[in-house]
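Colleague: Using the working numbering, you'd call the opening residue of the sequence shown number 4 and step up by one each time.
Where a beta carbon is used, it is the ideal one built from N, C-alpha and C, also for glycine.
Since the structure is predicted, the reported quantities are computational estimates derived from the model, not experimental observations.
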Amino acid sequence: MKAVENIYDEYRHAVSEKRKLSNCYFSSNQLLNWIDSGNVIAYSDSKSLIISVQEVGYRKLYFLAETWECFEKISEIDIGKGEMAFEIISQGELGEYDLSKKIQCKKVIDYIRLRATGRRETKIDLKKIDYCSKEDISRLIVLINSTFDPVGAYLPTNEELLFLIENKAIICHRNTDGEVMGFLIFEDKGKTTYIRMLCIAENSRGKGLGTDLLLSYLNLHKDFKNFTLWCRADNTIAFKLYTQIGGYNCENFHNYVFVL
4 MKAVENIYDE
14 YRHAVSEKRK
24 LSNCYFSSNQ
34 LLNWIDSGNV
44 IAYSDSKSLI
54 ISVQEVGYRK
64 LYFLAETWEC
74 FEKISEIDIG
84 KGEMAFEIIS
94 QGELGEYDLS
104 KKIQCKKVID
114 YIRLRATGRR
124 ETKIDLKKID
134 YCSKEDISRL
144 IVLINSTFDP
154 VGAYLPTNEE
164 LLFLIENKAI
174 ICHRNTDGEV
184 MGFLIFEDKG
194 KTTYIRMLCI
204 AENSRGKGLG
214 TDLLLSYLNL
224 HKDFKNFTLW
234 CRADNTIAFK
244 LYTQIGGYNC
254 ENFHNYVFVL
């Protein structure tokens, strides 16, 4: 495989060939944004294209290929430094897309999509809801880095955190000193709302902060029709919170992250 100089054109060519195998869950505009930021490396041959994109804490790998032979060459090409991961979204069995049977993986992380529909109104005093400010960003970063595995978690950048704060998309709980002890990040589009991240400081867990944040979030979105999020399959506490308290349902829709 050879390094690709014009990544966008090579990608459009691979798409036009309608190659059999792919995990390219992104738009052409998203690829152009990655290229403009200088965070993309790509390699190709006549049958395959491998794209490596820098995310927060790891590199995400995409492929467009005719056969699985390209994975035999992964160790031979320079796709960047640090931890790498392929993501495969699947409903039900992975079948031939089970990359753990084709390449050596350090681990496989399973995220499950949860959804709910209809009006969601709870008995929460909206006056008690607090929003994060830009002065909280350093605290948010500490909590995020001490709680989440960056691979597959879509950790927000500092710029994203500032944008979300400015748009009142991060609600929080504070201690008596005003320090953030738990927060929930959400994103809205139309009448669909998505929980991106719920985080509680380790020394504040088991006190109901997660429940309060989730119910406050639902009350803020009582006029929305669709609620969705991704939850790690092995995070039984979060899964219980979302399904038993939040009323979310499991769809048997998975995002498998194969970590190299």
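1) Using 8 angstroms as the threshold, is the segment 206-225 in touch with the segment 60-80, meaning 3 or more CB pairs across them?
2) Does the beta-carbon of F261 have 16 or more other beta-carbons within 10 angstroms, so that it is buried, or is it exposed?
3) Using CA coordinates, which residue listed in H224, F189, E190 and A241 is at the minimum distance from G209?
4) Can you give the Cα-Cα distance for T70 and S51, rounded to whole angstroms?
5) Less than 9 angstroms separating the beta-carbons of W233 and Y114?
6) Exposed or buried, what is H16 when buried is set at 16 or more other beta-carbons lying within 10 Å of its beta-carbon?
7) Let me know the secondary structure DSSP gives F265 once reduced to three states.
8) For V145, tell me which candidate among C27, L212, L164 and D133 has the shortest Cα-Cα distance.
9) Between the Cα of K228 and the Cα atoms of R177, T196, R116 and C135, which residue gives the shortest distance?
10) Using the Cα positions of G85 and K63, report the straight-line distance between them to the nearest angstrom.
11) How about L187 and L201: are their beta carbons less than 9 angstroms apart?
12) With distance defined between alpha-carbon atoms, name the residue in M4, I91, S136 and Y100 nearest to D81.
13) Leaving aside the five residues before and after S47 along the sequence, list all residues of the same chain whose C-beta is less than 8 angstroms from its C-beta, in chain order.
14) What does D113 pair with, by DSSP beta-bridge criteria?
15) To the nearest angstrom, how far is the alpha carbon of D191 from that of S55?
16) Beta-carbon within less than 7 angstroms of N42's beta-carbon, same chain only, minus the 5 sequence neighbours each way: which residues are those?
17) Is the separation between the beta-carbon of H257 and that of Q33 shorter than 9 angstroms?
18) Which residue marks the beginning of the beta strand (DSSP E) containing S296, and which one marks its end?
19) So for R235, helix, strand or coil by DSSP?
20) For the ligand SAH, any of its heavy atoms closer than 8 angstroms to the Cβ of W71?
Modeller: In terms of the structure at hand:
1) No, the segment 206-225 is not in contact with the segment 60-80.
2) For the purposes of this step, residue 261 is taken as residue 258 along the sequence shown, with counting starting at 1. Per the 10 Å Cβ criterion, buried.
3) For the purposes of this step, residue 209 is identified with residue 206 of the sequence shown, where counting begins at 1. With respect to the C-alpha of G209, the residue from H224, F189, E190 and A241 having the closest C-alpha is A241.
4) Sequence index remark: in the sequence shown, residue 70 carries index 67 (1-based). Sequence index remark: in the sequence shown, residue 51 carries index 48 (1-based). Straight through space, the alpha carbons of S51 and T70 are spaced by roughly 8 angstroms.
5) Here the question's residue 233 lines up with position 230 in the sequence shown. Here the question's residue 114 lines up with position 111 in the sequence shown. Yes, the Cβ-Cβ distance between W233 and Y114 is below 9 angstroms.
6) Mapped onto the sequence shown, residue 16 falls at position 13. Answer is exposed; the Cβ neighbour count stays below 16.
7) The first residue shown for the chain is 4 and the last is 263, placing residue 265 beyond what the model contains.
8) The sequence position of residue 145 within the sequence shown is 142, counting from 1. Of C27, L212, L164 and D133, the residue nearest in Cα terms is L164.
9) Position 225 of the sequence shown, counted from the start, is the residue given in the question as residue 228. Ranking the options by Cα distance to K228, first place goes to T196.
10) Residue mapping note: residue 85 aligns to position 82 of the sequence shown, counting from 1. Residue mapping note: residue 63 aligns to position 60 of the sequence shown, counting from 1. Straight-line Cα distance between these residues: approximately 11 angstroms.
11) By one-based count along the sequence shown, residue 187 stands at place 184. By one-based count along the sequence shown, residue 201 stands at place 198. A distance below 9 angstroms separates the beta carbons of L187 and L201.
12) Working through the sequence shown from its first residue, we reach residue 81 at position 78. Closest by alpha carbon: M4.
13) As a first step, residue 47 must be located in the sequence shown, where it is residue number 44. Only M4, K5, V7, E13, A17 and I53 meet the Cβ criterion.
14) As a first step, residue 113 is located in the sequence shown; it is residue number 110 there, counting from the start. For D113, which the question treats as bridged, DSSP gives the partners Y259.
15) As a working mapping, residue 191 is identified with position 188 in the sequence shown. As a working mapping, residue 55 is identified with position 52 in the sequence shown. Their backbone Cα atoms lie some 28 angstroms apart in a straight line.
16) Here residue 42 refers to the residue found at position 39 when the sequence shown is read from its first residue. Cβ within range, chain order: V56 and Q57.
17) Translated into the one-based positions of the sequence shown, residue 257 becomes position 254. Translated into the one-based positions of the sequence shown, residue 33 becomes position 30. When the beta-carbon positions are compared, H257 and Q33 stay at least 9 angstroms from each other.
18) This structure gives no information on residue 296, because the portion of the chain shown stretches from 4 to 263.
19) One-based indexing of the sequence shown puts residue 235 at position 232. Note: R235 maps to strand in three-state DSSP.
20) For the ligand SAH, the structure offers nothing, since it holds no ligand at all.
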